[in-house]
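> Counted from 1, the sequence shown has number 73 at position 72 by the working numbering; the numbering is strictly sequential.
The beta-carbon is built from N, C-alpha and C at its ideal position, and this holds for glycine as well.
Sharing a structure here in structure tokens format.
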Amino acid sequence: MAQRDDVAKILVGEHQLQARVAELARAIDGAYSDDDRLLLVCVLKGAFMFLGDLMRQLTIRHEVDFMVVSSYGDATESSGVVRILLDLEQNIAGRHVLVVEDIVDSGRTLDYVTRNLRTRRPASLRICSLLSKPSRRAIDVPVDFVGFEIPDEFVIGYGLDFAEQYRNLPFIGVLKEEIYSAS
Ligand code: PRP
């Protein structure tokens, strides 16, 4: 069966996504200067597609580095256990760091990541997340740039997965309940 048959509805369409990513880029352009040598820290895997589009819209000078972090495994609920599977290449001491995430759900992943990064003494540390589910927050993490606040639905696409599938979809969709409840 085609992947799209597993999508109950499209929550954020392709054009709406691209328009909002461009707005976020303008806000980030306004918050930093070229002299800041901004470092984008992309939290993989989910944020890779957002990062790619965001970078193409940014006009200020910046660099990028990656962390692979996993908190969910193949489950649909955060386990609360965050693991750094791959760490940054760069030393971030004295750097202006902007963490780029795909979604803040319980907040546990970003809470862990930002507490960890702060121990490395960056000059500043801010967060940009494409999506946020405020109703699910268990830990309060301040998110400086948010694309969309969304309801508590199981979302996939544009980098977000269910059991490593659907990351390729160019929109944010809601997964049919029978797909995730069957696993
Ligand atoms: C997802 C997402 C965030 C985290 C958000 O990652 O990318 O990092 O969950 O959930 P939280 O706010 O409840 O912690 P996941 O562990 O699914 O890994 P992935 O990015 O590789 O898909």
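Consider the C-beta atom of Thr60 and the heavy atoms of the ligand PRP; say whether any pair is separated by less than 7 Å.
Working through the sequence shown from its first residue, we reach residue 60 at position 59. No, the ligand PRP has no heavy atom inside 7 Å of this Cβ.
> Measure the alpha-carbon distance for Ile29 versus Gly148 and round it to whole angstroms.
One-based indexing of the sequence shown puts residue 29 at position 28. One-based indexing of the sequence shown puts residue 148 at position 147. Rounded to the nearest angstrom, the two C-alpha atoms are 12 Å apart.
> For Ser136, which of helix, strand or coil comes out of DSSP?
One-based indexing of the sequence shown puts residue 136 at position 135. Helix.
> Which residues does DSSP pair with Leu176 in a beta bridge?
Counting from one through the sequence shown, the residue named residue 176 turns up at place 175. Val8, per the DSSP bridge assignment.
> Would you say Asp103 touches the ligand PRP, meaning its beta carbon is less than 7 Å from a heavy atom?
In the sequence shown, counting from the first residue as 1, residue 103 sits at position 102. Yes, since a heavy atom of the ligand PRP falls inside the 7 Å radius drawn around the Cβ of Asp103.
> Between which residues of its own chain and Tyr113 is the CB-CB distance below 6 Å, once the five residues before and five after are set aside?
Mapped onto the sequence shown, residue 113 falls at position 112. For Tyr113, where only same-chain residues beyond five positions count, the Cβ hits under 6 Å are Val83.
> In chain order, which continuous runs of the alpha helix (DSSP H) of length 4 or greater are located wholly inside the region 24-54?
none
> Give me the Cβ distance between Ile128 and Glu102, rounded to the nearest whole Å; I'm assuming they're in contact under 8 Å.
Residue 128 sits at position 127 when you count from the first residue of the sequence shown. Residue 102 sits at position 101 when you count from the first residue of the sequence shown. Indeed they touch by this definition, with Cβ atoms about 7 Å apart.
> Just verifying my parser: in three-state terms, what is the DSSP assignment at Val83?
As a working note, residue 83 is residue 82 in the sequence shown. Val83: coil per DSSP, three-state reduction.
> Determine which residues share a DSSP beta bridge with Gly158 and list them.
As a first step, residue 158 must be located in the sequence shown, where it is residue number 157. DSSP output for Gly158 lists Leu161 as bridge partner(s).
> Closer than 7 Å to a non-hydrogen atom of the ligand PRP - does that hold for the CB of Ser107?
For the purposes of this step, residue 107 is identified with residue 106 of the sequence shown, where counting begins at 1. Yes, the beta carbon of Ser107 sits closer than 7 Å to at least one heavy atom of the ligand PRP.
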